[in-house]
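Chains as they are written, first to last, in the working numbering: chain A, 74 to 269; chain B, 74 to 269.
Positions of the beta carbon are idealized from the N, C-alpha and C atoms, including for glycine.
Protein chains: 2
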Amino acid sequence: MVLLGIDPGLAATGFGVVRRERDRWRHVEHGCIRTKAGLELGVRLLQIHDAVSELIRRQRPDVMVLERLYQLRDGSTGLSVGQAMGVVRLAAEEAGLTLAEYAPTHVKLTLVGNGQADKQQVQFMVQRILGLPQPPRPDHAADALALCVCYLHSGLSRTKAGAAGPVAGPSRIAAALAEDERRLREHRARKAGGAS
Amino acid sequence: MVLLGIDPGLAATGFGVVRRERDRWRHVEHGCIRTKAGLELGVRLLQIHDAVSELIRRQRPDVMVLERLYQLRDGSTGLSVGQAMGVVRLAAEEAGLTLAEYAPTHVKLTLVGNGQADKQQVQFMVQRILGLPQPPRPDHAADALALCVCYLHSGLSRTKAGAAGPVAGPSRIAAALAEDERRLREHRARKAGGAS
């Protein structure tokens, strides 16, 4: 099972790819699709669409995980994010991917246990859960990985329409973290053993 | 020279096609691409994208004319219109079309001579200028035709980025209307002659 998290934006679209192998979650890659402000809007949208389509071809994800946006305070931002999100969603639909969507508060609640958690807390949890050597950067890529982790923690009963299953309880996340730490210790022990 | 005007929306995307032959402007077709509210958002965006791409293949326009939106009062509407506009713009870019964009007040000013003109006044002018037997319906299709007429009246010096040339003065529109009326009288005279 491969997940592709996307945090769409006109200037920067974050992406993160996570692979689930039985009970293990492997970080595959993350990064940012950037488009230049000086380019025509249509060209920028084409670049985003084609980069996401290329990611899909390369990683063959089963699910695309998106942030569910309800309403944006600033209409012009809504229009800009909306156009980027439109072409991202189109790329998913063209590839026949299942789509899962989570509200930002749901992601924070699932990862940190607090719907009002700040960016650093979320990034810290993403780093811990995926066993990354440092917090993922930039923010857009970290948000995309957080969406994947949220999906992994939210159970597997989802509809094609992206309705999420029950939120993982804190106990499940704690167990995941403990498992992750155990693996990290093993990894370090092997590495120390190999170096000596 | 063929123009494709598009008024994007998630539920209804209006379109209008106008052909310019020397000094004559011919109405080719207009209509509305509708998507059902019950469908998944990605499916609706795919339907809009594919319908616009199909229109482009069929009519082979030189230019796509869009409404320039700056800011929407309602963020959620911005997100919805934005996603539809994103896939429409993508279809234009994929086909290598030149894009022209006009603010709604520019369209009203060009067609009616008043940036605050109401929908009926704009529709009346579209009907007159294109010699239609009745005002174009529905509103979204009328708006798309108005965009084409606005382009026809705004001169031909445009950049690929869609910066519009000078607004046509009232005298030019008056001349166009007079020419249109003359042609209409001739047409009626021929029709009356043929029927007698």
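What residues are listed by DSSP as bridge partners for Ala85/A? Within the first sequence, residue 85/A is the residue found at index 12, counting from 1. Partner(s): Arg107/A.
Give the range of the beta strand (DSSP E) segment to which Glu140/B is assigned. For the purposes of this step, residue 140/B is identified with residue 67 of the second sequence, where counting begins at 1. Unbroken beta strand (DSSP E) run through Glu140/B: 136 to 140.
Under 9 Å, Cβ to Cβ, is there at least one residue of chain B near Gly204/A? Looking up residue 204/A in the first sequence gives position 131. By this cut-off, Gly204/A is not an interface position.
Ignoring anything shorter than 4 residues, give me the alpha helix (DSSP H) runs that lie fully in the region 156 to 199 of chain B, in order along the chain. 177 to 185
Could you tell me which residues DSSP pairs with Glu102/A in its beta bridges? Position 29 of the first sequence, counted from the first residue, corresponds to residue 102/A. Val90/A.
Cβ-based burial, Arg117/A [other Cβ within 10 Å; buried from 16]: The residue labelled residue 117/A in the question sits at position 44 within the first sequence. Counting Cβ neighbours within 10 Å, Arg117/A comes out buried, since at least 16 surround it.
Nearest CA to the CA of Gly115/B: which residue from Leu170/B, Gly78/B, Ala157/B, Arg141/B? If you number the second sequence from 1, residue 115/B lands on position 42. Taking only the C-alpha atoms, the option nearest Gly115/B is Ala157/B.
Taking Gly78/A as part of the alpha helix (DSSP H), name the residues at either end of that continuous run. For the purposes of this step, residue 78/A is identified with residue 5 of the first sequence, where counting begins at 1. Looking at the DSSP string, Gly78/A is not in any alpha helix (DSSP H); the run it does join, the beta strand (DSSP E), is 75 to 80.
Helix, strand or coil for Ala234/A per DSSP? Position 161 of the first sequence holds residue 234/A. Note on Ala234/A: pLDDT 34, under 50, position unreliable in the model; the coordinate value appears next. Three-state result, Ala234/A: coil.
Could you name the residues of the same chain whose beta carbon sits closer than 6 Å to that of Ala190/B, not counting the 5 residues immediately before and after it, in chain order? Translated into the one-based positions of the second sequence, residue 190/B becomes position 117. The answer, listed in chain order, is Lys181.
Could you have a look at Arg210/A and say whether DSSP puts it in helix, strand or coil? Numbered from its first residue, the first sequence carries residue 210/A at position 137. Reduced to three states, the DSSP call for Arg210/A is coil.
Pairwise C-alpha distance: Gly87/A and Pro211/A: The count along the first sequence starts at 1 and reaches residue 211/A at position 138. The count along the first sequence starts at 1 and reaches residue 87/A at position 14. About 8 Å.
Is Ser153/B close to chain A? Criterion is C-beta to C-beta, closer than 9 Å. Residue mapping note: residue 153/B aligns to position 80 of the second sequence, counting from 1. Judged by the 9 Å Cβ criterion, Ser153/B is in contact with chain A.
Measure how close the beta-carbons of Cys221/B and Gly78/B come, nearest whole angstrom, since I'm counting them as under 8 Å. The residue given as residue 221/B occupies position 148 in the second sequence. The residue given as residue 78/B occupies position 5 in the second sequence. Between Gly78/B and Cys221/B the Cβ distance is about 4 Å, and since that is below 8 Å, they are a contact.
For Phe197/B and Pro209/B, which I take to be in contact (beta-carbon distance under 8 Å), what is that distance rounded to the nearest angstrom? Position 124 of the second sequence, counting from 1, holds the residue named residue 197/B. Position 136 of the second sequence, counting from 1, holds the residue named residue 209/B. Cβ atoms of Phe197/B and Pro209/B stay farther apart than 8 Å, at about 10 Å.
Can you tell me which residues form a DSSP beta bridge with Arg97/B? Numbered from its first residue, the second sequence carries residue 97/B at position 24. Per DSSP, the beta-bridge partners of Arg97/B are Glu94/B.
Can you name the residues of chain A whose CB is closer than 9 Å to the CB of Met158/B? Taking the first residue of the second sequence as position 1, residue 158/B is located at position 85. Under the 9 Å cutoff, chain A gives Leu152, Gly155, Gln156, Gly159.
Got a sec? Which residues, its chain only, sit under 8 Å from Ile121/A by beta carbon, not counting five neighbours each side? The residue given as residue 121/A occupies position 48 in the first sequence. If we look at Ile121/A and ignore the five residues flanking it on each side, its Cβ neighbours are Pro81, Leu83, Thr86, Ile106, Thr108, Ala157, Val160, Val161.
Please classify Asp216/A as buried or exposed, where buried requires at least 16 neighbouring CB atoms within 10 angstroms. For this step, residue 216/A is matched to residue 143 along the first sequence. Answer is buried; the Cβ neighbour count reaches 16.
I want to see whether chain B comes within less than 9 Å of His122/A, judged by CB atoms only; does it? For the purposes of this step, residue 122/A is taken as residue 49 along the first sequence, with counting starting at 1. Yes, His122/A lies at the interface with chain B (some Cβ there is under 9 Å from its Cβ).
Classify Ala134/B: buried if its beta carbon has 16 or more other beta carbons within 10 angstroms, exposed otherwise. If you number the second sequence from 1, residue 134/B lands on position 61. Reading the sequence as shown, one finds Pro at residue 134/B and not Ala. The residue is buried, with at least 16 neighbouring Cβ atoms inside 10 Å.
Does any residue of chain A bring its CB to less than 9 Å from the CB of Arg131/B? Position 58 of the second sequence holds residue 131/B. No, no contact with chain A.
Report the option in Ser227/B, Glu259/B, Gly186/B, Ala214/B whose CA atom is closest to the CA atom of His100/B. Along the second sequence, read from residue 1 onward, the residue named residue 100/B stands at position 27. Of the listed residues, the one whose Cα sits closest to His100/B is Ala214/B.
Buried/exposed call for Ala173/A, threshold 16 Cβ in 10 Å: Position 100 of the first sequence, counted from the start, is the residue given in the question as residue 173/A. Answer is buried; the Cβ neighbour count reaches 16.
Determine which residues of the region 100 to 120 of chain A have a Cβ less than 8 Å from any Cβ of chain B, and write them out in chain order. Glu113, Leu114, Gly115, Val116, Leu118, Leu119
Contact criterion: CB-CB distance below 9 Å. Does Pro243/B meet it with respect to chain A? Indexing the second sequence from 1 puts residue 243/B at position 170. Its pLDDT being 45, under 50, Pro243/B is placed unreliably by the model, and nothing is read from it.
Taking only beta-carbon atoms, is Glu166/B less than 9 Å away from chain A? Counted from its first residue, the second sequence places residue 166/B at position 93. For Glu166/B, the nearest beta carbon of chain A is closer than 9 Å to its own beta carbon.
Quick one, are the C-beta atoms of Gly89/B and Ala219/B less than 9 Å apart? Position 16 of the second sequence, counted from the first residue, corresponds to residue 89/B. Position 146 of the second sequence, counted from the first residue, corresponds to residue 219/B. Closer than 9 Å, so yes.
Are Arg95/A and Val75/A touching if we call contact CB-CB under 9 Å? Counted from its first residue, the first sequence places residue 95/A at position 22. Counted from its first residue, the first sequence places residue 75/A at position 2. Cβ atoms of Arg95/A and Val75/A: not closer than 9 Å.
Going by C-alpha to C-alpha distance, which of Val125/A, Gln193/A, His179/A sits closest to Leu225/A? One-based indexing of the first sequence puts residue 225/A at position 152. It is His179/A.
Helix, strand or coil for Ser126/B? Go by DSSP, reduced to three states. Numbered from its first residue, the second sequence carries residue 126/B at position 53. It is helical.
Residue environment, Pro151/B, which counts as buried when at least 16 other CB atoms sit within 10 Å: Mapped onto the second sequence, residue 151/B falls at position 78. It is worth fixing the name first, because residue 151/B is Gly in this sequence and not Pro. Gly151/B comes out buried.
Could you confirm whether any beta carbon from chain A is found closer than 9 Å to the beta carbon of Arg162/B? As a first step, residue 162/B is located in the second sequence; it is residue number 89 there, counting from the start. The beta-carbon of Arg162/B is placed less than 9 Å from the nearest beta-carbon of chain A.
Using C-beta distances below 6 Å, list every residue in its chain close to Cys223/B, excluding the 5 sequence neighbours before and after it, in chain order. Translated into the one-based positions of the second sequence, residue 223/B becomes position 150. Contacts found: Tyr175, Val180, Thr183.
Cβ-Cβ distance between Gly155/B and Ser153/A below 9 Å: For the purposes of this step, residue 155/B is identified with residue 82 of the second sequence, where counting begins at 1. For the purposes of this step, residue 153/A is identified with residue 80 of the first sequence, where counting begins at 1. Cβ atoms of Gly155/B and Ser153/A: closer than 9 Å.
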